[in-house]
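Comments concern the structure below.
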Amino acid sequence: AVRPDQGALRRADDAEAAASAAVVLTAGSRPADWLVPCAGELIASFNAWLEQEEPGLNPWPAFDRWVRDALNQSMRARRVRCFRATDTAHRLLSLTNELEEPLWPAGTLPGLVEHVLATGRSFIKGDRNNGELIERLVSAWSMDPARPTGPNSAAPQWLLPVRQRNRTIGLILVGELPEAAIGDANGLTAVGGWLSLFWRHVRQQEALAVAEQTDRTSGVLTRIDLTARAEKVVAESAGDGEPVVLIALAVEGVRRLNDQGHWELRDQLMREIGNQTRRKLRSDDLVGRFSEDRFVMVLRRLDLALGEMIGRKILAAVETVVHEQPVLEETVRVRCGLTDAGPDGFEAAVARAFQALNEARRQDRNLPLALPRREQELLAVSGASA
C-alpha cells in the first residue's frame, strides 16, 4: 500500500479550512452594523492614547485603563480585565497595580481560562463552535463552590488570548457584551485582532524603552539614564526628608583584561555584576554602569549604616564571582565606596562616593568605605582594612 503524504494532507486540510473561512466571512450581505463604527473608534482612541501617554518602562497600568474605557465606549463592554501571562502561561498578573476584586480563588485558574491560555483560541459565550467540552468548562466556572461571590463572579462572555510567536502573552476578559456583539463571532474576531495588535505594539515600545536605557553588557541602566532618574529620586527624597545612600562599585583590572584579550571573560563579569547588584537591591532602588569599570547604586530610605550592610553583601557576591575564575582572581580587585545624598544633588553625591572609592584604594581596604556628606565628619571608615 502507498503511504499517504502527510504533509500534502495537512496542506489540503489547511486550504479547505481557509476556503471555508472565506465563505463564512463573505456570506453576509454586509458587516454587522456595530463593527464599522467600533473599529473606527478603537483605532482613533488608541492613536490618541499613544500621543498622550508615550509608553515607556511601565506602560501597562495606563494601557489597562485604555482597554477598559475604549471597549466600554466603542462596544458597551463591561467588567473588562486585562492580564499579563507568565512565560509558562500558568499564572496571570493584572496589568493594573491597583487591588481588584478577585475573579477566582488565589493560586488557581478556572479550567476555561487554562484552556484559552493553552490553546490560544478565544472563547465567546454561546458560539456554535464551542463544543461540549467548552460548555462543561463554563458550567464548572459557575458551579465552583470556591469561587468568589458577587456581581463580578459570573463566567465571562468573551476571553481573548493575546498571542505572539505561538505563545500566549496576555488575556483580555470581558464579563458582559451587548447582544449584537456577542452574537457576531466574526466581528469579535476582528476586534480581537486589533486589540492584540495594540497590545503587541505597546509591548514592543516597552522593550525599546528598556533597551534604550539599559547597558547591553551588564543589563543595568546607562550612565545618562541613571543620572536622569537618580536626580529626580534624590531631589524628591530631600524634599520629603528621607535619607538616600549612594554606593559606588569599582572593578579594578578591567583594562588588564582588555590588554590580555579576555574580552569574553570581561563581559561575563559585567553581566554577573549586573545580576548580583539587582538581586541585592530593592525594586525601587537604582543601579547603573557609570563607566567601563564603575557602577553606581542609589538606595532610598537608607542611612549610611544600612547602606554599608548592603555594600558588604554586594562586595561578597561579586568577589565570589571573581574567585570562580583564576584569570579574574589574579587580575581583578573590587572595592566599594558610599555616601549619603542631600540637597546638594546627585552629581555631588557621586563625586563623594568616587572620593570614598579613591580613599579605599589608597588605604588598600577591601570593605566598604563611607564618606559622609556632613563636613564636620571628615571621614568614616566601615570595617577592617585588607
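Per this note's numbering, residue 564 is the first one in the sequence shown, and the count goes up by one each step. Note that beta-carbon positions come from the ideal geometry of N, C-alpha and C, so glycine has one too.
- Taking 9 Å as the cut-off, the beta carbon of C601 is found no closer than this to the beta carbon of V765.
- Ranked by Cα distance from E794, the first of V630, V808, L828, N692 is V808.
- In the three-state reduction of the DSSP assignment, L740 falls in the coil class.
- Under the three-state reduction of DSSP, E805 is assigned to coil, being neither helix nor strand.
- The Cβ-Cβ distance between L634 and V796 does not fall below 9 Å.
- Our two residues, L658 and A798, have alpha carbons roughly 29 Å apart in a direct line.
- If you look at R631, you'll find it in the alpha helix (DSSP H) that goes 623-638.
- Taking a C-beta distance under 9 Å as the contact criterion, M833 and T883 do not qualify as a contact pair.
- By the CB criterion at 9 Å, V630 and I745 fall outside the cutoff.
- By the 16-neighbour rule on beta-carbons within 10 angstroms, T840 is buried.
- Ranked by Cα distance from L700, the options V679, R691, G683 are led by V679.
- Judged by their CB atoms, I810 and P931 are nearer to each other than the 9 Å cut-off.
- Nearest Cα to L760 within the set F858, R639, F626, E835: F626.
- Rounded to the nearest angstrom, the gap between the Cα atoms of L771 and D632 is 26 Å.
- Rounded to whole angstroms, the Cβ separation of V895 and V814 is 6 Å, and the two are in contact under 8 Å.
- Nearest to R644 by alpha-carbon distance, out of D747, V890, A718, is A718.
- In the DSSP assignment, W757 is bridged to no other residue.
- Cα atoms of S608 and G756: separation of roughly 16 Å, rounded to the nearest angstrom.
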